[in-house]
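Before any comments, here is the structure.
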Amino acid sequence: MLLKKIKKCKVELKTNIWLYMMFLPVFIWYLLFSYLPMGGMVIAFQKYDIVKGILHSPWVGFRNFKILFDDPYFFRLFRNTLLMNVYGLVFGFPLPIILAIAFNEIRRKKFKKITQTISYLPYFISSVVVMSMVIQFVSTTGLVNVFLNHLGIKSIHFLQEAKYFRTIFISTGIWQGTGFGAIIYMAALAGISNDQYEAATVDGAGKFQKMMYITLPGLAPTIVIMLLINLGSILNVGHERIILLYNPSIYETADVFNSYIYREGILNRRYSYGQAMTIFQNVVGFALVYMANKITRKLDGTTLW
Amino acid sequence: MKQKMGVSEIAFVSVCYIIIVVICIATLYPFLYLISASLSSAASVMRNEVFLFPKDITLRAYTVVLKYRGIWLAYGNTIFYTGVGTVLSLVLTILAAYPLSKERWAPRKVMSLFVVFTMWFSGGMIPFYLVMRSLHLLDSRLGILLYPAISAFYVIIFRTHFQSLPVSLEESAKLEGANDLQILVKILVPLSKPIMAAIALYYAVSRWNSYFWEMLLLSDDKKVPVQVLLQRIIISSQLGQDIAKALSPGEASIPTTIKFAAIMITTIPIIVIYPFLQKYFVSGALVGSVKE
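Chains as they are written, first to last, in full-length UniProt numbering: chain A, 1 to 305; chain B, 1 to 292.
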């Protein structure tokens, strides 16, 4: 029996030896750069000491999580992260859909091609460049203040006053993501069969009615899936763009979980504490998607998995 | 068959045109302003005279930036990381995708899960940093090349693509005694050029634009890519002495026009190449969205 198995393995290895050899470097890469860090998550339950390493650092159970909920900044981080995503969704989510529907109505091929090319462009510009531009434009002598001055309004220190940060950050995100975000909806629109539109035309439906009763329902599954994906990261605002734009004077509205994890966890070397926060973020995020997925499945059968 | 459009139809289509035109203007204006301001004299930018077109056209800002040796070094690094990194990524992605596309490979299912799992789950930035540290990849060019080498998403796209190719080609090659590596390199790769182009582009752009881990991992100024340098010039408050001295001798802060020129110099390659490669970008995005 065992002998047979070994023989079978030998045959498999012999016939597919090249497949194993091809996959080996990939396997090692994933082990080192994905699975080793996953294992490293356990430091959240340790008092991790960089000299002792994971194997010899003392275990502390859930103490880091307790510190987390007692952290005076916890509520602020939670609120900022949540609000940034909620506002981002409210103002940013509908735009790619609207843009996709608009593109769908355009019959002039050349116009369509040029404008589509333009609208995707910001997606390919680096965060550093985009944020550099924003910082220049909203500076006291920047473009935005020049316009305000023309309207008789005094210059505003946009990046020194907490109340403006969300608006600036979310607008920047919208500027960068709307065009590219429309691609997925355009793909979905291309999948709606022409017969439906023709039948509606025969019935005397106008373009607006077609949009309401054919286009939007046709887009609904894609919209639901995109919403679910967004919901999964509702406790996740990328630190990369935040840390380029914020400064200590506006942490009140600008600091989010990930930027705090970066500062406290990496720069201030509170590795275990920062990791506890990461885990909290992921667990809540997963729970939210799970619940939302259940709800949408009940409602209309669209589901993520 | 052309149909007559009623007033409401015309209004509807007009609104669509207006939305698109407004979005395109909002997209292009910042770039236009940037180009114009970087080509204008420092004085006219300071007096807020530049809105659309450059005033007192001068290349001074560009010559200052281009005379700064650091920018050439950083540019060289970026080209190195992008060029070598993209090739590395493409090779590893194909090497991952080919075995995963073969039904006869026994561990195919497990290994697919092994790869896909990383799309849904990651350890987070702290363990990643600690792993890079314990692998001695801090302040290392090799570390920068390796850490983002494979994207599971593109592996899946390639796998699906390989599965869609006709098996007959392979079978005849097999009969002639070709092994899997030969089949992959001589038959499948030449058949996959468009999709390779699209995915290489995505890898290349993300390499070109990447800054966070480069900033965190690299401490030697000689190794940093241009995005990190730009971040230091414009965003970081603690400017390196040499940067400030080189870019604004005798002044309290770096003049705006010079900052604009630095931004432009970092972005020009993307803006210039982008329109020509746009169709590959979009095909890449669509392949991705079909999977979703």
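Backbone N, C-alpha and C define an ideal beta-carbon position, used for all residues, glycine too.
Can you tell me whether DSSP reads residue 327 of chain B as helix, strand or coil? Lying before the first or after the last residue shown, residue 327 of chain B is absent from chain B, which here runs from 1 to 292.
Would the stretch 218–229 of chain A and the stretch 120–139 of chain A be scored as touching if the rule is three or more Cβ pairs under 8 Å? no
Classify residue 71 of chain B as buried or exposed, calling it buried when 16 or more other Cβ atoms lie within 10 Å of its own Cβ. buried
Distance between beta carbons of residue 263 of chain B and residue 216 of chain B, contact taken as under 8 Å: Wrong, their Cβ atoms sit about 22 Å apart, outside the cutoff.
Taking the alpha helix (DSSP H) that residue 120 of chain A belongs to, which residues open and close that run? 109–120
Since residue 84 of chain A and residue 256 of chain A are thought to touch, with beta carbons under 8 Å apart, how far apart are those beta carbons, to the nearest angstrom? 6 Å
Residue 91 of chain A CB to nearest chain B CB: under 9 Å? It does not: the Cβ of residue 91 of chain A has no partner Cβ on chain B nearer than 9 Å.
What does a CB cutoff of less than 7 Å around residue 50 of chain B pick up in its chain, not counting 5 residues either side in sequence? 36, 37, 40, 44
Please name the residue in A:189, A:203, A:37 whose C-alpha comes closest to that of residue 215 of chain A. A:189
Tell me, please, whether the stretch 229–237 of chain A touches the stretch 87–94 of chain B by the rule of three or more beta-carbon pairs shorter than 8 Å. no
Measure from the alpha carbon of residue 249 of chain A to the alpha carbon of each residue in A:194, A:157, A:96, then state which is nearest. A:157
Counting C-beta neighbours from all protein chains within 10 Å, is the total for residue 261 of chain B 16 or more, i.e. buried, or is it exposed? buried
By Cβ distance, which residues of its chain are closer than 8 Å to residue 67 of chain B, with the 5 residues on each side in sequence left out? 246
Work out the CA separation of residue 209 of chain A and residue 202 of chain A for me, nearest whole Å. Cα to Cα, residue 202 of chain A sits roughly 13 Å from residue 209 of chain A.
Quick check: the Cα distance between residue 292 of chain B and residue 59 of chain A, rounded to an integer number of angstroms? With a pLDDT of only 38 at residue 292 of chain B, under 50, the local geometry of the prediction cannot be trusted, and no value is derived from it.
Considering only DSSP beta bridges, list what residue 46 of chain A is partnered with. A:59
The ligand ADP heavy atom lying under 8 Å from the CB of residue 284 of chain A: Looking at this structure, you won't find the ligand ADP or any other ligand, since it has none at all.
Just to confirm the assignment, what range does the alpha helix (DSSP H) spanning residue 101 of chain A have? 94–105
Is the beta carbon of residue 273 of chain A closer than 9 Å to that of residue 6 of chain A? Not a contact, by the Cβ cut-off of 9 Å.
Give a yes or no on whether 9 Å exceeds the smallest Cβ distance from residue 86 of chain B to chain A. Interface flag for residue 86 of chain B against chain A is unset, since no Cβ pair is found closer than 9 Å.
Which term fits residue 290 of chain B, buried or exposed, when burial requires 16 or more other beta carbons within 10 angstroms of its beta carbon? Low confidence applies to residue 290 of chain B: its pLDDT is 47, below 50, so where it sits in the model is not reliable enough to give any reading.
Assuming residue 182 of chain A and residue 96 of chain A form a contact by the criterion Cβ under 8 Å, report the distance between their Cβ atoms to the nearest whole angstrom. Contact between residue 182 of chain A and residue 96 of chain A holds: CB atoms are separated by about 4 Å, below the 8 Å threshold.
How would you list, in chain order, the residues of chain A whose beta-carbon sits under 8 Å from the beta-carbon of residue 259 of chain B? Going along chain A in sequence order, the residues near residue 259 of chain B (Cβ under 8 Å) are 132, 136.
Run of the alpha helix (DSSP H) containing residue 230 of chain A, from where it starts to where it stops: 216–232
According to DSSP, is residue 140 of chain A part of a helix, a strand, or is it coil? In this structure, residue 140 of chain A counts as coil in the three-state DSSP scheme.
From residue 285 of chain A to residue 108 of chain A, what distance separates their C-alpha atoms? So the two alpha carbons sit approximately 43 Å from each other.
Could you work out which residues of chain A lie near residue 77 of chain B, taking near to mean beta carbons separated by less than 7 Å? Those within 7 Å of residue 77 of chain B in chain A number zero; the least Cβ separation is about 14 Å.
Could you please tell me which residues of the stretch 7–23 of chain B, in chain order, have their CB closer than 8 Å to any CB of chain A? 8, 9, 12, 13, 15, 16, 17, 19, 20, 21, 23
Flag residue 51 of chain A as yes if its beta-carbon sits less than 9 Å from any beta-carbon of chain B, otherwise no. no
Count the CB pairs spanning the stretch 159–170 of chain B and the stretch 182–190 of chain B that are closer than 8 Å, and state whether there are at least three. yes
Top-ranked residue by Cα proximity to residue 121 of chain A, from B:24, B:105, B:12, B:174: The shortest C-alpha separation from residue 121 of chain A is found at B:24.
Give me the chain A residues within the contact set of residue 95 of chain B, using Cβ-Cβ distance strictly less than 8 Å, ordered along the chain. 22, 23, 25, 26
Sequence ranges, alpha helix (DSSP H) only - wholly within the stretch 248–277 of chain A, length at least 4: The qualifying runs are 251–254, 257–260.
Against chain A, with Cβ distances strictly below 9 Å, would residue 256 of chain B count as a contact? yes
Residues, ordered as in the chain, of the stretch 123–137 of chain B that lie near chain A by beta-carbon distance below 7 Å: 123, 124, 125, 126, 127, 128, 129, 130, 131, 135
Against chain A, does residue 147 of chain B count as a neighbour if the rule is that its beta carbon must be under 9 Å from one of theirs? When Cβ-Cβ separations below 9 Å define contact, residue 147 of chain B makes contact with chain A.
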